[in-house]
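K.L.:
Note that our numbering has the sequence shown beginning at 11, numbered continuously upward. All C-beta atoms in this analysis are idealised placements derived from N, C-alpha and C, irrespective of residue type, glycine included. Mind looking over this structure? Questions follow.
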Amino acid sequence: MTVNNQGGSEPFILFELAGTTYGVRSRFVQQVEMVEHVTPVPNASAAVEGVVFARGQVVPALSLRARFGFEKMPFDLRTRLVVVNTGARVVGLLVDTAREFVRISAESIEPPPDTITGLSGKYLEGIASLAGGRLVLILNLDEVLDLEGMQASDDATGETSGT
Numbered sequence: 011m012t013v014n015n016q017g018g019s020e021p022f023i024l025f026e027l028a029g030t031t032y033g034v035r036s037r038f039v040q041q042v043e044m045v046e047h048v049t050p051v052p053n054a055s056a057a058v059e060g061v062v063f064a065r066g067q068v069v070p071a072l073s074l075r076a077r078f079g080f081e082k083m084p085f086d087l088r089t090r091l092v093v094v095n096t097g098a099r100v101v102g103l104l105v106d107t108a109r110e111f112v113r114i115s116a117e118s119i120e121p122p123p124d125t126i127t128g129l130s131g132k133y134l135e136g137i138a139s140l141a142g143g144r145l146v147l148i149l150n151l152d153e154v155l156d157l158e159g160m161q162a163s164d165d166a167t168g169e170t171s172g173t
């Protein structure tokens, strides 16, 4: 990962998912690591890939691809587990690849446009514009990690990861 320094801003961890760059505030990130093995959990929500053992603790592994409705892809050497701790829960986010560590100013983060509505829009805290015109979708971790809402959504669609 590379580091980009800017004054008067907050650090973010950037990662890619289905060709799009996403970001989470680094204060919520405990660690980023390679994915070695995910143990499936019977009757879990479709987005819960299973559990992993990460630095001495068992952590649920949430597939952001499944959570956001993207096609499932096999894990490879670039796949990463971004372990986040919001205070309410610790969860590992399965992402295609970790990109970089950057500082993003509050002024460069805009609310999601009104045209982004429904389930996908609620997962976004904002959209940041970086140098060179790069856009980063900043995740609202409270919504992304709402496991009760995830289960209700699965119940409505009849989906589970059932093993």
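1. Does the separation of the CB atoms of residue 57 and residue 73 fall below 8 Å?
2. Is it right to say residue 142 is buried, meaning 16 or more other beta carbons lie within 10 angstroms of its own, or is it exposed?
3. Can residue 60 and residue 48 be called in contact, C-beta distance under 8 Å?
4. Closest to residue 44 by C-alpha separation, out of 36, 125 and 105, would be which residue?
5. Between the beta-carbon of residue 174 and the beta-carbon of residue 71, is there less than 8 Å?
6. Of the residues 138, 29, 37 and 81, which one's Cα is nearest the Cα of residue 96?
7. Give the DSSP-derived three-state secondary structure of residue 142 in the structure shown.
8. Could you give the distance in angstroms between the alpha-carbon of residue 109 and the alpha-carbon of residue 52?
9. What residues in its chain sit with their C-beta under 6 Å from that of residue 121, if we drop five residues either side in the sequence?
10. Of all the beta strand (DSSP E) runs that stay within the bounds of the stretch 54–142, which reach a length of 3 or more residues?
P.N.:
Concretely, from the data shown:
1. yes
2. Residue 142 is exposed by the Cβ-count criterion.
3. yes
4. 105
5. Residue 174 is absent from the structure shown; the chain starts at 11 and stops at 173.
6. 37
7. helix
8. C-alpha separation (whole angstroms): 32 Å.
9. 136
10. Entirely contained in the stretch 54–142, the beta strand (DSSP E) runs reaching 3 residues are, in chain order, 58–64, 67–73, 90–95, 100–105, 107–114 and 134–139.
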